Amino acid sequence: MTKFLLKKSVEMLFTLFGITLLSFFIIHLAPGKPTDILTDMNPKVTPEMRERLEKYYGLDKPIVVQYGMWLKRIVRFDFGDSFSTDRRPVWDKIKERIPITLGINVLSMILIFVVAIPIGIYSAVRRYSVFDKVTTVFVFTGFAAPSFWLALLLMILFGVKLHVLPISGITSLDYDALSVWGKIWDVSRHLVLPVFVSAIGGIAGISRYMRSGMLEVIRQDYITTARAKGLPERTVTYRHALRNALLPIITILGLSVPGLIGGSVIFEQIFSIPGMGLLFYMSVMMRDYPVVMGILTIGAILTLAGNMLADISYALVDPRVRKA
Amino acid sequence: MGQHVRNIRIKKRVLPLYPLSVYLLLLLSILLSSGCRNEGNALDKSDSNNSAENSTPAYGDTIIVGSIGEPSVLIPMLAGDSASHEVAGLIFNGLVKYDTDLEIIGDLAESWDISPDGLTITFHLRKGVRWTDGVEFTADDVMFGYKTIIDDKTPTAYKEDFLQVKRAKVLDRYTFRVTYKKPFAPALSSWGNLPVLPEHLLRGKDITKAAFRRKPVGMGPFIFQKWIPGEKIVLRSNHDYFEGRPYIDHYIYRIIPDPSTMFLELRTGGIDLMGLTPVQYKKQTDTEFFRKNFHKFRYPTFAYTYLGFNLKYGLFTNRKIRQAIAYAINKQEIIDIVLFGLGRIATGPYVPNTWPYNPDVKKYKYNPEKAKHLLAEEGWTDTDGDGWLDKDGRRLEFTIITNMGNDSRRKAATIIQWRLKQIGIKVKIRIIEWSAFINEFIDKRQFEACLLGWSIGLDPDQYDIWDSSKTGEKEFNFISFKNSEVDRLLDKGRRTFNIGERKKAYFRIQEILAEEVPYVFLYVPDALPIVSSRFKGIKPAPIGITYNINKWYVPKNLQRDKLIP
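Here the protein sequences line up with chains A and B, keeping their order.
Each residue of the first sequence is one higher than the last, beginning at 0 in numbering that gives the first Met the number 0.
Each residue of the second sequence is one higher than the last, beginning at 0 in numbering that gives the first Met the number 0.
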C-alpha cells in the first residue's frame with residue numbers, strides 16, 4: 000500500500016507540473032492583457048504609460064521567463080499578487096472564497112447521494128413500475144432544465160411570490176446583530192435554493208448511474224445464488240447487490256471534484272454568492288493571470304487528490320484492485 | 000460630492016456576459032451624466048413626487064445600492080472601473096467638482112485664481128476640513144497626492160493631465176499653486192478627487208500595497224466601515240462632513256453580478272437603487288407595484304454610439320458616399336427598437352443640452368431617395384439589375400465590425416444593414432471578441448466601418464479622438480480623420496479658459512464633423528436609475544441624481560432601518 004501511495008504521489012507531481020505548464024501558456028495565448036482594462040481605448044493613456052504598466056506587471060518579459068518566475072514562487076507556496084487594481088495577494092483572495100464554495104458543494108453532494116442513491120436503487124428494483132417511470136421523467140427534466148433558469152423560477156416563487164426565502168447572497172443585512180442560532184438559521188435559509196439548484200443536475204445523473212449499476216448487478220449469478228439460498232429480498236438488495244453497485248459511484252465522486260469549482264460559476268453568479276467560481280470567471284475576464292493560475296493550480300491539486308481518494312477507496316472496497 | 004472627472008473612454012464591457020452592463024454601470028455612477036429630460040412623460044413620476052413633498056428631513060435609515068461589478072480599490076487615482084469610483088467618490092472629495100448645471104465649482108477648494116496667461120492656477124482651500132481620523136486636511140495632502148500620481152511607480156491611468164504641470168507648490172497651509180507648461184483648459188477639472196490623499200497616513204508607504212487601498216480614510220460624506228469581498232461594502236455617514244451630516248446613516252453597496260437577480264432583489268426590497276435596462280424600464284417596471292413603491296428617472300448618459308468609417312479605405316475616402324450612408328440610416332428607428340425609445344439622436348460628439356453641444360448642425364434626416372441620388376452622382380447605379388448598386392463592375396459593399404457581447408450594438412448594426420440594403424448597399428456584419436477586436440482590427444486599421452461607442456468626459460476637449468496627430472497605433476483617431484481646421488480649433492479649445500471662446504471652437508468643430516461625416520453619430524442612450532420611493536430630496540439634474548445623496552432622507556415614519564451595525 001505504501002509503495003502504491005508513493006508511486007501515485009510522484010505521478011501526481013509530474014501531472015501537476017504538466018497541468019500548470021499547459022495552463023500558463025494557454026492563458027497567455029488568449030488575446031488581451033491585464034493592463035487592457037486600464038489602458039484600452041482610454042485616450043488619456045500614452046504609449047509610454049502602457050509600457051510602464053506592462054513592465055510593472057512583468058509582462059514585457061518573454062513568456063518562458065514569466066513561467067519560470069511563477070514556478071519559482073509557487074514552490075514556496077507563494078501565489079503572487081493579483082493583477083487587478085486591488086493588487087491583493089492571490090492566496091488571500093482565494094482563501095476567503097474557498098469555504099463557501101466547498102461548503103455549498105459538500106452540502107449539495109450530500110443531498111445528491113442522500114436522494115439519488117435511494118431513487119436509483121428503488122427504480123432498479125422496481126423496474127418499469129410507476130415510481131420508476133415518474134422518477135425517470137423527473138430526472139430527465141431536472142437534467143435538461145438550465146440551472147440559471149430553474150434558479151430564477153425558484154427565486155420568483157419562493158422569494159417574490161411566497162416571501163419565504165431570501166433571493167440572493169448568503170447572509171441578511173442584519174446578520175451581525177443576530178444570535179448564534181439566528182445566524183445559523185439565516186445562512187441556512189440563504190443556502191436552500193443554491194444547494195438545491197446545484198444538486199438537481201447531480202441527482203439526475205447519479206440516480207441514473209445508480210439505477211443502471213444496480214440493474215447490472217442484479218442480473219449477476221451471485222445474486223441469483225443469494226436468492227436461491229433463501230435470503231430475504233432486503234438482504235439480497237442491500238448487502239449483496241448495493242455494495243457492488245456502489246463501486247462506479249466512487250469513481251464518479253473522484254471525478255466530480257473539478258466540477259466543484261467549474262460548476263459553481265453559474266449558481267454563484269445567479270445567487271450572488273462570493274465563491275471561487277465567480278472569482279475565477281471574473282479573473283479570466285480581466286486576464287488576471289496570477290489569480291487564474293492560482294485557482295487552476297488549486298483546482299488541479301483538488302482533482303488529483305480526488306482521483307487519489309477514489310483510487311484508495313477502490314483499493315479499500317475492492318480486493319481485486321488491492322491485490323493487483 | 001466626489002465628482003470624479005471621467006476620461007473619454009470607449010464603452011467597453013468588462014464582463015461580456017451582460018448586455019447593457021455599460022449602461023448599468025454608467026447610470027449608477029456618480030460620473031457625469033447629463034441634462035434631465037423635462038419633456039413628455041419622461042420624468043412624470045419623479046417630478047410630481049418630489050415637488051409634492053411635505054415631509055421633513057430626518058436622520059436614519061440605510062440605502063442599499065445594487066451593482067453588477069465589485070470595486071477593486073478605493074483610492075480614486077488607482078481605480079480603473081466605475082464601481083470603484085462610485086464608492087470612492089463617497090469617501091473622498093476633490094478640490095473642485097461639477098455643479099448641477101455642469102459648471103466647475105469649488106469643493107475642498109473654496110476658490111481659485113487663474114493667472115491672465117492661463118498658466119497658473121492657485122487654489123484656496125477650505126479651512127477646518129478634517130480627515131475622518133481627525134487630522135486636518137491641508138495643502139500638503141494635495142501636494143502628496145499630486146506627487147503620488149506623477150510617481151513612476153504608481154500604476155494609474157490618470158497621469159497624463161498631471162504630467163502637463165510644470166511646477167506645483169504649497170504656498171501655505173491652505174494655498175496650493177500649480178503652473179502649467181502651456182495653458183490647458185481641461186486642467187481645472189482634473190483637480191477632482193484624483194490627487195487628494197492623506198499624507199499623514201500614506202507617507203513613505205507603498206501605495207500599491209498599503210491596507211489603505213481597501214480601508215480608506217477620506218473626508219467625504221460617508222466613512223468606510225466594512226468590506227465583505229464579493230458581497231458588499233458598508234459605509235456610515237460622516238457626522239463631521241463639512242457640508243453637514245448626511246441624513247442617511249448607512250450606505251451599502253451590494254454586489255449582485257446577475258442583472259435578473261438584481262431586479263428580483265429590487266422587487267423584494269433587497270436593494271433600493273439600481274440602474275434599469277430599457278426593457279426593465281419600459282415593460283417590467285410598468286406595474287402598479289413599481290409605480291407605488293419606486294421612482295424612475297431618465298436622463299441622457301455622457302456617451303454616444305456611432306458608425307465610424309475608416310477614412311483610409313478606398314470607398315470611404317469619398318465624402319458623398321459617407322453622406323449618402325448617413326441619409327440612409329434612420330436613427331430614430333434604431334433608438335425605438337434597440338433602446339425602446341429611451342435615448343436621443345446624436346448629431347455630434349457632444350450630449351444634447353450641454354454647453355458645447357451645437358444644435359444647428361447638418362442633421363441628415365432619414366432620406367433614402369437623397370442617399371440614392373448622391374450615390375448615383377458618384378456613379379453608383381444598379382446596372383445589372385441584381386438589386387445592388389455597382390460601378391465599373393464592382394458591387395457597393397462593405398463590412399461593419401463591432402465587439403462581441405454588446406447586444407445593442409449588434410442590433411443597431413443589423414438595422415443599418417437592412418436599411419442600406421434598401422438603397423442597394425450590401426453590408427456584412429462581423430462581431431469580434433473585444434481583445435481581438437481592438438488589437439487585431441481597430442489598432443491595425445483592418446476594418447472598413449466599425450460600430451462603437453464613446454463615453455465622454457464633461458470637459459469638451461476631444462483632442463485625442465479628432466486631432467490628425469493621433470492616428471498612430473493604439474491611438475484613438477483610428478478612423479484617420481485629418482482636417483487642419485479641426486486641428487487648429489481643437490488646440491484653441493484646450494488652450495483657453497474662456498468658455499465663450501471654447502464654445503465657438505467646439506461649435507465649429509461640430510459643423511465640420513457634420514459636413515465631413517467621419518462618423519455617423521447614432522444615439523445617446525439614457526441612464527435609467529430607479530430608487531425606492533421612501534427616499535426624498537432627490538433632485539434630478541443634468542449630472543444625474545446621486546450628486547446630492549448626502550441630502551437625501553427618509554421621513555421618520557417611512558424609515559425601515561433594523562440594521563444595527
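Heads up, the beta-carbon is just placed ideally off N, CA and C, and yes, glycines get one too.
Fair warning: this is a prediction, and the values are worked out from it, not measured in the lab.
* To do: Flag this pair as yes or no: are the beta carbons of Thr137(B) and Ile222(B) separated by less than 8 Å?
  => To locate residue 137(B), count along the second sequence from 1; it is residue 138. To locate residue 222(B), count along the second sequence from 1; it is residue 223. Cβ distance not < 8 Å, so Thr137(B) and Ile222(B) don't count as in contact.
* Please check the pair Leu527(B) and Arg235(B), which I expect to be a contact at CB under 8 Å, by giving their CB distance rounded to whole angstroms. => As a first step, residue 527(B) is located in the second sequence; it is residue number 528 there, counting from the start. As a first step, residue 235(B) is located in the second sequence; it is residue number 236 there, counting from the start. Between Arg235(B) and Leu527(B) the Cβ distance is about 29 Å, and since that is not below 8 Å, they are no contact.
* **Straight-line Cα distance separating Met273(B) from Leu333(B)** => Taking the first residue of the second sequence as position 1, residue 333(B) is located at position 334. Taking the first residue of the second sequence as position 1, residue 273(B) is located at position 274. One detail in the question is off: residue 333(B) reads as Ile in this sequence, not Leu. Using only the alpha carbons, I get a separation of about 25 Å.
* For the beta strand (DSSP E) holding His351(A), just list the boundary residues, first then last. => Lying outside 0 to 323, the shown extent of chain A, residue 351(A) is not represented and no answer is given.
* Compare the Cα-Cα distances from Lys427(B) to each of Leu373(B), Lys126(B), Asp80(B) and Ala411(B) and report the closest residue. => Within the second sequence, numbered from 1, the residue matching residue 427(B) stands at position 428. Put simply, of Leu373(B), Lys126(B), Asp80(B) and Ala411(B) the residue whose alpha carbon is nearest the alpha carbon of Lys427(B) is Ala411(B).
* To do: List the whole-angstrom C-beta distance separating Asn357(B) from Phe506(B), where the pair is believed to meet the contact cut-off of C-beta under 8 Å.
  => Counted from its first residue, the second sequence places residue 357(B) at position 358. Counted from its first residue, the second sequence places residue 506(B) at position 507. Your pair Asn357(B) and Phe506(B) checks out as a contact, with CB atoms roughly 4 Å apart and the cut at 8 Å.
* **Spatially closest choice to Thr147(B) from Lys165(B), Ala186(B), Phe183(B) and Arg202(B), by CA coordinates** => Within the second sequence, residue 147(B) is the residue found at index 148, counting from 1. Minimum Cα distance to Thr147(B) is reached at Arg202(B).
* Asked: Nearest-angstrom Cα distance between Leu512(B) and Gly102(A)?
  -> One-based indexing of the second sequence puts residue 512(B) at position 513. One-based indexing of the first sequence puts residue 102(A) at position 103. Between the alpha carbons of Leu512(B) and Gly102(A) lies a distance of about 59 Å.
* Asked: What's the C-alpha gap between Ile222(A) and Leu230(A)?
  -> Walking along the first sequence from the start, residue 222(A) turns up at place 223. Walking along the first sequence from the start, residue 230(A) turns up at place 231. C-alpha separation (whole angstroms): 10 Å.
* Asked: Ordered along the chain, which non-local residues of its own chain (more than five positions away) have a Cβ less than 7 Å from that of Lys568(B)?
  -> What is shown of chain B runs 0 to 564, which leaves residue 568(B) out entirely.
* Nearest CA to the CA of Asp383(B): which residue from Glu376(B), Gly392(B) and Glu377(B)? -> By 1-based counting over the second sequence, the position of residue 383(B) is 384. Among Glu376(B), Gly392(B) and Glu377(B), the Cα nearest to that of Asp383(B) is on Gly392(B).
* **Collapsed DSSP secondary structure at Trp379(B) in the structure displayed** => Your numbering for residue 379(B) matches position 380 in the second sequence. Note: Trp379(B) maps to coil in three-state DSSP.
* Asked: Should Tyr518(B) and Tyr363(B) be called a contact, given that it needs their Cβ atoms to be closer than 8 Å?
  -> In the second sequence, counting from the first residue as 1, residue 518(B) sits at position 519. In the second sequence, counting from the first residue as 1, residue 363(B) sits at position 364. For Tyr518(B) and Tyr363(B), no; Cβs fall outside 8 Å.
* Asked: Quick one: what does DSSP say Trp387(B) is sitting in, helix, strand or coil?
  -> Here residue 387(B) corresponds to residue number 388 of the second sequence, with the count starting at 1. In this structure, DSSP gives Trp387(B) a state outside helix and strand, which the three-state scheme calls coil.
* Could you check which residue in Trp226(B), Asp359(B), Gly117(B) and Gly144(B) has the C-alpha nearest to that of Pro182(B)? => Mapped onto the second sequence, residue 182(B) falls at position 183. Taking each of Trp226(B), Asp359(B), Gly117(B) and Gly144(B) in turn and checking the Cα distance to Pro182(B), the smallest one comes out for Gly117(B).
* To do: Determine the extent of the alpha helix (DSSP H) in which Lys291(B) is found, giving its start and end residues.
  => Taking the first residue of the second sequence as position 1, residue 291(B) is located at position 292. From DSSP, the alpha helix (DSSP H) with Lys291(B) extends over Glu287 to Asn292.
* Is it buried or exposed for Lys469(B), if we count other Cβ within 10 angstroms and need 16 for buried? -> Translated into the one-based positions of the second sequence, residue 469(B) becomes position 470. Using a 10 angstroms sphere on the CB of Lys469(B), the tally of other CB atoms reaches 16 or more, which defines it as buried.
* Is it buried or exposed for Asn556(B), if we count other Cβ within 10 angstroms and need 16 for buried? -> What you label residue 556(B) is simply residue 557 of the second sequence in a count that begins at 1. With fewer than 16 Cβ atoms within 10 Å of its Cβ, Asn556(B) is classed as exposed.
* **Ordered list of beta strand (DSSP E) runs contained in the segment 197 to 268 of chain B, each at least 3 residues** => You should have 221 to 227, 231 to 236 and 249 to 254.
* Can you grab the Cα-Cα spacing for the pair Leu254(A) / Gly229(B), in whole Å? => In the first sequence, residue 254(A) corresponds to position 255, counting from 1. In the second sequence, residue 229(B) corresponds to position 230, counting from 1. Within the model, the alpha-carbon separation for Leu254(A) versus Gly229(B) is close to 28 Å.
* To do: Measuring only between beta-carbons, confirm whether Gln268(A) sits less than 8 Å from chain B.
  => Here residue 268(A) is taken as the residue at index 269 of the first sequence, counted from 1. Chain B, which has a Cβ nearer than 8 Å to the Cβ of Gln268(A), makes this yes.
* Decide if Met68(A) is buried, meaning its Cβ has at least 16 other Cβ atoms within 10 Å, or exposed. => Stepping through the first sequence from its first residue, residue 68(A) is reached at position 69. With fewer than 16 other Cβ atoms within 10 Å, it is exposed.
* To do: Could you check the C-alpha separation between Arg12(B) and Val124(A) for me, to the nearest Å?
  => Taking the first residue of the second sequence as 1, we reach residue 12(B) at position 13. Taking the first residue of the first sequence as 1, we reach residue 124(A) at position 125. Here the model assigns Arg12(B) a pLDDT of 35, short of 50, so the residue's position is not dependable and the matter cannot be decided.
* Evaluate Ile29(B) with the Cβ neighbour count: other Cβ atoms within 10 Å of its Cβ, from every protein chain shown; 16 or more gives buried, anything less gives exposed. => In the second sequence, the residue the question calls residue 29(B) occupies position 30. Caution is warranted here: a pLDDT of 30 is assigned to Ile29(B), below 50, making its placement in the model unreliable, and the coordinate value is therefore given only provisionally. Ile29(B) is buried by the Cβ-count criterion.
* Heavy atom of the ligand COA less than 7 Å from the Cβ of Pro88(A), yes or no? -> The ligand COA is absent from the structure shown, which contains no ligand whatsoever.
* To do: Could you please give the first and the last residue of the uninterrupted beta strand (DSSP E) stretch that includes Asn402(B)?
  => Along the second sequence, read from residue 1 onward, the residue named residue 402(B) stands at position 403. Boundaries of the beta strand (DSSP E) harbouring Asn402(B): Glu396 to Asn402, taken from the DSSP string.
* How would you call Leu303(A), buried or exposed, if buried means at least 16 neighbouring beta carbons within 10 angstroms? -> Residue numbering aside, residue 303(A) sits at position 304 when the first sequence is read from its first letter. Under a 10 Å Cβ-count criterion, Leu303(A) is classified as buried, with 16 or more other Cβ atoms of the shown protein chains found around its own Cβ.
* Count the other CB atoms, across all protein chains shown, that sit within 10 Å of the CB of Gln322(B); report buried if there are 16 or more and exposed otherwise. => The residue given as residue 322(B) occupies position 323 in the second sequence. Classification for Gln322(B): buried.
* Asked: DSSP puts Lys319(B) in a beta bridge; with which residues?
  -> Locating residue 319(B) in the second sequence gives position 320, counting from the first residue. Within the DSSP bridge table, the entry for Lys319(B) names no partner.
* Asked: Tyr246(B): which of Asn309(B), Leu488(B) and Ile62(B) sits nearest, CA to CA?
  -> For this step, residue 246(B) is matched to residue 247 along the second sequence. Ranked by Cα distance from Tyr246(B), the options Asn309(B), Leu488(B) and Ile62(B) are led by Ile62(B).
* Comparing the C-beta of Thr545(B) with each C-beta of chain A, is any distance below 8 Å? -> Taking the first residue of the second sequence as position 1, residue 545(B) is located at position 546. Answer no: the Cβ-Cβ gap between Thr545(B) and chain A never drops below 8 Å.
* What did DSSP end up calling Thr170(A) once you bin it into helix, strand or coil? -> As a first step, residue 170(A) must be located in the first sequence, where it is residue number 171. Looking at Thr170(A) - three-state DSSP - the assignment turns out to be coil, as it is neither helix nor strand.
* Reference Asn292(B), options Asn547(B), Ser531(B) and Arg559(B), closest by Cα -> In the second sequence, the residue the question calls residue 292(B) occupies position 293. The shortest C-alpha separation from Asn292(B) is found at Ser531(B).
* Asked: Of all the CB atoms in chain A, is at least one closer than 8 Å to the CB of Ala327(B)?
  -> Taking the second sequence and counting its residues from 1, the one referred to as residue 327(B) is at position 328. No, Ala327(B) lies away from the interface with chain A (no Cβ there is under 8 Å from its Cβ).
* **Three-state class that DSSP yields for Ile103(B) in the structure shown** => For the purposes of this step, residue 103(B) is identified with residue 104 of the second sequence, where counting begins at 1. Note: Ile103(B) maps to strand in three-state DSSP.
* Quick one: what's got a C-beta closer than 7 Å to Asp460(B)'s C-beta in the same chain, skipping five residues either side? -> For the purposes of this step, residue 460(B) is identified with residue 461 of the second sequence, where counting begins at 1. Here the set comprises Ala184, Pro185, Gly492 and Arg493.
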